Amino acid sequence: METNRISPTLTAALNAQMTNEAHNAQIYLAYASWISDKGYEGIANFLFRHANEERNHMMKILEYILKRGAKVIITEIPSPGPDPVSINDCFEKIFKSEVENTTNIYTIVNKSLEEQDWATWNFMQWFVKEQTEEETLAMELLSKIKIAGGENAGNDALYALDKDLGKTPDDAELAQDVSVENP
Ligand code: OFO
Numbered sequence: 001m002e003t004n005r006i007s008p009t010l011t012a013a014l015n016a017q018m019t020n021e022a023h024n025a026q027i028y029l030a031y032a033s034w035i036s037d038k039g040y041e042g043i044a045n046f047l048f049r050h051a052n053e054e055r056n057h058m059m060k061i062l063e064y065i066l067k068r069g070a071k072v073i074i075t076e077i078p079s080p081g082p083d084p085v086s087i088n089d090c091f092e093k094i095f096k097s098e099v100e101n102t103t104n105i106y107t108i109v110n111k112s113l114e115e116q117d118w119a120t121w122n123f124m125q126w127f128v129k130e131q132t133e134e135e136t137l138a139m140e141l142l143s144k145i146k147i148a149g150g151e152n153a154g155n156d157a158l159y160a161l162d163k164d165l166g167k168t169p170d171d172a173e174l175a176q177d178v179s180v181e182n183p
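Under my numbering, residue 183 is the last one in the sequence shown; the count climbs by one each step, no gaps.
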């Protein structure tokens with residue numbers, strides 16, 4: 001008896017998204033290693049933690065595919081690409097890859113809407129919220145490096161940024177969570 005509850009199109013899209021999440025984990029790992037080598041352990045720690053988050057996202061999707069009776073296909077993970085040339089470049093690349101990932105998530109949400117696969121649509125809402133958070137976090141990184149001087153940031157400013165990011169929480173506060181009492 002057929003127990004698969006996800007269409008072939010959505011199964012392929014979810015499997016591809018699993019690889020996207022693994023790819024993003026490799027990007028964070030590569031950038032964290034690159035920056036650790038330069039001595040910025042606070043930023044490296046932040047990025048290493050984030051690599052784990054991306055792998056957790058991959059696992060969430062893997063688990064979902066299995067639980068819905070569809071087939072998981074593990075493929076090779078694309079290379080994270082060249083190292084950044086500066087901290088400014090590193091944060092810009094992170095923002096870009098998060099926005100690309102949001103586009104991928106939205107594509108799956110659209111497909112699940114078209115197919116009226118409400119289980120997948122509902123499952124994907126967690127990722128929609130997560131991407132909003134991650135884009136906010138990446139925008140905050142860009143604001144911080146801008147204040148530090150962008151491409152021309154001096155050692156003192158980068159030292160302070162490194163200390164700051166070492167303590168930065170993994171999640172950003174979202175507009176939808178703000179209240180009058182807690183602006
Ligand atoms: Fe998986 O959240 Fe970023 O990309």
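Using N, Cα and C, we set each Cβ at its ideal position, and we do this for glycine too. Everything numeric in this text was worked out from a predicted model, so none of it was measured.
DSSP three-state assignment for residue i, whether helix, strand or coil
i, result
"T168", "coil"
"R49", "helix"
"S112", "helix"
"I73", "coil"
"M59", "helix"
"I145", "helix"
"M18", "helix"
"M139", "helix"
Cβ-based burial, residue i [other Cβ within 10 Å; buried from 16]
i, result
"K71", "exposed"
"E2", "exposed"
"D177", "exposed"
"L66", "exposed"
"N122", "exposed"
Pick from the options that is closest to residue i, judged by C-alpha positions
i, options, result
"N104", "I94, D89 and M124", "M124"
"I27", "A13, T3, M1 and P78", "P78"
"R68", "S33, D117, V109 and R55", "D117"
"E173", "T132, T75, D164 and L158", "T132"
"E134", "L47, A13 and I35", "L47"
"W34", "I73, G81, N152 and T136", "G81"
"K163", "A175, A148 and H57", "A148"
"A12", "T75, N56, P169 and A157", "T75"
Legend entry - Contact between the region 111–126 and the region 30–45 (3+ Cβ pairs under 8 Å): no
Legend entry - Contact the region 17–24 vs the region 49–66: 3+ CB pairs below 8 Å: yes
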